[in-house]
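Residue numbers (the working numbering), protein chains in the order written: chain Z, 1 to 161; chain D, 1 to 161. Have a look at the structure below, then the notes.
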């Protein structure tokens with residue numbers, strides 16, 4: 001396949017394209033605090049959506065932890081939708097907003113496989129500045145209201161190619 | 001990250017790990033018949049699920065067509081679950097069976113973003129023999145009952161590494 005041109009619908013998200021790596025930390029009432037290493041990639045094939053893949057691993061052992069992937073679909077007037085699947089057995093639909101280099105996504109649907117845990121809600125805010133991408137993720141799980149769960153700071157390791 | 005060992009839960013799916021390429025054809029009452037080129041990859045990070053990514057493109061122009069990705073989660077007694085997202089704006093939960101080198105997956109949940117079309121049901125059967133992977137996908141869409149939509153024959157282009 002030839003190298004595709006970025007679709008104009010992705011102009012507002014072009015700053016995301018590439019590979020990002022860094023460190024995050026997690027906390028939640030039901031678990032011990034933890035840290036993780038992360039790689040997140042955004043890429044495209046010339047169509048009006050971004051491919052998104054995130055994976056995390058334990059800082060010392062290198063053992064794989066979480067992974068999620070899917071597609072980010074920018075729409076008119078700064079709106080955005082995302083369709084995601086998570087390795088632990090849930091799928092997610094998000095709606096949100098693109099405001100400059102800040103993107104917010106809030107789940108409108110989370111569905112679990114029969115063996116997976118149920119997550120009530122997820123909300124993410126991504127911000128990019130000077131080739132640093134940070135995000136904060138809030139989660140509602142079980143009886144726990146939507147509250148901070150994950151945050152990470154990632155640095156660009158490859159550009160749009 | 002070090003090279004992970006295949007998780008024992010993936011033993012029954014280890015024959016899938018690698019990259020597969022080939023040609024498919026599509027038909028449905030609502031559209032013209034078409035053909036496509038496809039690449040499908042299965043990989044792992046040492047945990048008890050396979051990463052799955054499929055993308056297709058037009059045979060002559062090379063223009064990207066469909067793509068879907070997610071995780072295949074084998075369970076006890078030959079059962080399997082999958083969590084998938086599709087670029088056109090749906091997420092999918094499947095349940096199915098692993099029977100030797102035949103894997104069947106049937107959707108139990110399909111959810112669309114506000115701007116995406118609704119798909120009523122998807123059912124896939126994959127079979128592998130002598131480094132050839134074939135699948136047939138049936139779809140129920142609109143008023144149309146579950147019926148053949150896609151089929152492809154893919155050859156192994158890389159192995160488990």
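Virtual Cβ for every residue (Gly too), placed ideally from N, Cα, C.
Range covered by the beta strand (DSSP E) that runs through residue i
{"i": "residue 70 of chain Z", "result": "64 to 74"}
{"i": "residue 156 of chain D", "result": "144 to 158"}
{"i": "residue 117 of chain D", "result": "Element bounds for residue 117 of chain D: n/a, residue is neither H nor E."}
{"i": "residue 17 of chain D", "result": "Careful: residue 17 of chain D lies outside any beta strand (DSSP E) and carries neither H nor E."}
{"i": "residue 129 of chain D", "result": "121 to 129"}
{"i": "residue 10 of chain Z", "result": "Counting along the chain, residue 10 of chain Z falls outside any beta strand (DSSP E), and DSSP gives it neither H nor E."}
{"i": "residue 141 of chain D", "result": "132 to 141"}
Beta-carbon contacts of residue i that lie in its chain and below 6 Å, excluding the five residues immediately before and after
{"i": "residue 36 of chain Z", "result": "24, 56 and 65"}
{"i": "residue 107 of chain D", "result": "92, 94, 121 and 122"}
{"i": "residue 113 of chain Z", "result": "89"}
{"i": "residue 87 of chain D", "result": "67"}
{"i": "residue 84 of chain D", "result": "68, 70 and 92"}
{"i": "residue 104 of chain Z", "result": "96, 97 and 125"}
{"i": "residue 33 of chain D", "result": "27"}
{"i": "residue 19 of chain D", "result": "41, 157 and 158"}
Cutoff 7 Å; reference residue i; Cβ partners in own chain excluding five residues on either side
{"i": "residue 45 of chain D", "result": "4"}
{"i": "residue 150 of chain Z", "result": "24, 26 and 137"}
{"i": "residue 99 of chain Z", "result": "78"}
{"i": "residue 118 of chain D", "result": "112"}
{"i": "residue 115 of chain D", "result": "89"}
{"i": "residue 52 of chain Z", "result": "42, 69, 70, 71 and 72"}
{"i": "residue 10 of chain Z", "result": "44, 48, 50 and 74"}
{"i": "residue 198 of chain Z", "result": "For residue 198 of chain Z there is no data in the structure shown, the boundaries of chain Z being 1 and 161."}
{"i": "residue 130 of chain D", "result": "none"}
Coarse secondary structure for residue i, derived from DSSP in three states
{"i": "residue 105 of chain Z", "result": "strand"}
{"i": "residue 58 of chain D", "result": "coil"}
{"i": "residue 3 of chain Z", "result": "coil"}
Partner residues on chain A for residue i, Cβ-Cβ distance less than 8 Å
{"i": "residue 84 of chain D", "result": "Checking the listed chains, one finds no chain A in this structure; the protein chains it contains are Z and D."}
Identified DSSP bridge partners for residue i
{"i": "residue 49 of chain D", "result": "Looking at the DSSP assignment, residue 49 of chain D forms no beta bridge with any residue, so it has no partner."}
{"i": "residue 82 of chain Z", "result": "Z:72 and Z:94"}
{"i": "residue 34 of chain Z", "result": "Z:26"}
{"i": "residue 88 of chain D", "result": "The partner list for residue 88 of chain D (beta bridge, DSSP) is empty, contrary to what the question assumes."}
{"i": "residue 99 of chain Z", "result": "Z:102"}
{"i": "residue 39 of chain Z", "result": "Z:21 and Z:55"}
8 Å Cβ shell around residue i - same chain, five flanking residues per side excluded
{"i": "residue 143 of chain D", "result": "none"}
{"i": "residue 1 of chain Z", "result": "Because the pLDDT at residue 1 of chain Z is just 48, under 50, the model does not fix this residue reliably, and the value given afterwards should be weighed accordingly. Closer than 8 Å at Cβ, skipping near neighbours: 45."}
{"i": "residue 28 of chain D", "result": "139, 141, 144, 147 and 149"}
{"i": "residue 153 of chain D", "result": "22, 23, 24, 132, 133 and 134"}
{"i": "residue 15 of chain Z", "result": "101 and 128"}
{"i": "residue 12 of chain D", "result": "74, 78 and 98"}
Residue i classed as buried or exposed, judged by whether at least 16 other C-beta atoms fall within 10 angstroms
{"i": "residue 60 of chain D", "result": "exposed"}
{"i": "residue 74 of chain D", "result": "buried"}
{"i": "residue 40 of chain D", "result": "buried"}
{"i": "residue 157 of chain Z", "result": "exposed"}
{"i": "residue 17 of chain Z", "result": "buried"}
{"i": "residue 80 of chain Z", "result": "buried"}
{"i": "residue 76 of chain D", "result": "exposed"}
{"i": "residue 31 of chain Z", "result": "exposed"}
{"i": "residue 159 of chain Z", "result": "exposed"}
{"i": "residue 54 of chain D", "result": "buried"}
{"i": "residue 111 of chain Z", "result": "buried"}
{"i": "residue 38 of chain D", "result": "buried"}
{"i": "residue 96 of chain Z", "result": "buried"}
beta-carbon residue i near the ligand MG non-hydrogen atom, thresh 7 Å
{"i": "residue 122 of chain D", "result": "In the structure on display, the ligand MG does not appear, and there are no ligands present to speak of."}
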